[in-house]
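Worksheet: the structure to be examined is printed underneath.
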Amino acid sequence: MTLVIKIGGGAGVATENILREVAELVRTGQQVVLLHGGSDLTNTLSQQLGHEARTITSPSGMTSRYTDSETLSIFAMAVAGQINTELVAQLQGQGINALGLAGIDGRLLQARRKAAIRSITPEGRVQIIRDDYTGQIEQVNGDLLRLLLGAGYTPVIAPLALSHEGERLNVDGDRAAAAVAAALQAGTLVIMTNVSGLRRDANDASTVIEHIPAESVADYMEYAQGRMRKKMLGAQEALQAGVQRVCIGCESLTNVLNGAGTIIEQTHQLVGRRDV
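Numbering-wise (our numbering), the sequence shown opens with residue 25 and increments by one.
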């Protein structure tokens, strides 16, 4: 089965170590699709270019990047122009025939852009935003990924999607990874980040929740703060679409696959094997 791995774009993610472990897996014959984020570099570039990074908070409490046309260009520069090529080069340096893609290539990720977004201001008012270039993924070109995997490539995907009108859209990397895992019916989706998993207390690493049955994800959403909320939502979407297991953790891919961090899986898997 294909293994889908998402490497977070925040500061403090052990990217080099994770890539070494990805290379080891591919050398053993494991098919891997890699997705990545780019939030930290996008923020840095925005600051350097004098375009302040802004966030939107939905009425439900979900936060996301406000992506006007200039921010979209900076985001594309970060994820497709720099991060994607760096990851591909590092894998190629380890003998892995990685192939970089943005979600717009080959209509890999197709998404719907919302005509209007409701956002809550710091003062608690609701405002309507109409110039945001973010999207919700509706279709994944799984045939293209299977073609590349079958030819021996390791796809590395930047989280840009194509709208139905042909526009570039910023899409959430965790939910993009979930959509890809669902399209490929992957056995496992791994979300590598800079924290050790879902915690009952976000500030206490000893409170990591190790196992969650898939049908109980909603009961644990109250513990998902900040960016972890999107990761849990992505996990829920992947599991509902048939993915058997989602692992969330940091530092070592091997350790996370073997149970370090948080594992969310279908009930019949909880007493089963721990293979990919």
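Think of the CB as a built atom: it goes at the ideal place given N, C-alpha and C, for glycine as much as any other residue. Here the structure is a predicted model, which means the values were calculated and not measured.
- In this structure, the CA atom of ALA175 is about 28 Å from the CA atom of SER187.
- Excluding residues up to 5 positions away in sequence, GLY119, ILE120 lie with their Cβ nearer than 8 Å to the Cβ of ARG51 in the same chain.
- With respect to the C-alpha of THR66, the residue from GLU94, LEU263, ARG142, VAL267 having the closest C-alpha is GLU94.
- Under the rule that a run must span 4 or more residues, the alpha helix (DSSP H) segments found entirely inside the segment 168-244 read 197-207, 241-244.
- As the crow flies, the alpha-carbon of ILE128 is around 31 Å from that of THR286.
- DSSP places GLN116 within a helical segment (H, G or I) once states are collapsed to three.
- Proximity to ILE236 across GLY61, GLU289, VAL37 peaks at GLU289, based on C-alpha coordinates.
- Here GLU261 has ARG199, ALA202, ALA203, ALA206 as same chain residues with Cβ atoms under 8 Å from its own Cβ, once five neighbours each way along the sequence are excluded.
- Shown here, GLU289 sits in a strand according to DSSP, grouped into three states.
- Taking the CA atoms as reference points, LEU96 sits about 7 Å from TYR157.
- In this structure, the CA atom of GLY74 is about 30 Å from the CA atom of GLN134.
- Non-local C-beta neighbours of THR79 in its own chain, meaning closer than 8 Å and more than five positions away in sequence, comprise THR87, SER88, ARG89, TYR90, ordered along the chain.
- Excluding the 5 residues flanking it on each side, LEU111 has same chain C-beta neighbours closer than 8 Å at ILE31, THR39, LEU43, LEU58, HIS60, ALA122, GLY124, VAL180, in chain order.
- For ASP64, the closest of GLY34, GLN55, GLN72, ALA47 by C-alpha to C-alpha distance is GLY34.
- The C-beta separation of GLN72 from THR26 comes to about 37 Å, leaving the pair out of contact by the 8 Å criterion.
- Judged by DSSP secondary structure, GLU48 falls within the alpha helix (DSSP H) whose first and last residues are 39-51.
- Around ILE153, the same chain offers ILE141, SER143 as residues with beta carbons nearer than 6 Å, after the five sequence neighbours per side are excluded.
- Of the candidates VAL270, SER84, LEU69, MET216, the residue whose Cα lies closest to the Cα of GLU45 is MET216.
- Residue state for LEU281 is assigned as helix, using DSSP reduced to three classes.
- Shown here for LEU277: same chain residues with a beta carbon closer than 6 Å to its own, the five before and five after excluded, namely ILE42, GLU45 in chain order.
- Secondary structure at GLU110: helix, using DSSP grouped into helix, strand and coil.
- An exposed status is given to ARG224, since fewer than 16 other beta-carbon atoms sit within 10 Å of its beta-carbon.
- Counting only runs of 4+ residues, the alpha helix (DSSP H) found wholly inside the segment 62-139 occupies 63-72, 93-100, 108-117, in chain order.
- Annotation for ARG253: no beta strand (DSSP E) segment contains it, though the alpha helix (DSSP H) segment containing it runs 252-264.
- The alpha carbon of ASP92 has as its nearest neighbour, out of ARG137, GLN116, GLN114, LEU115, the alpha carbon of ARG137.
- DSSP, read as helix, strand or coil, puts GLU162 in strand.
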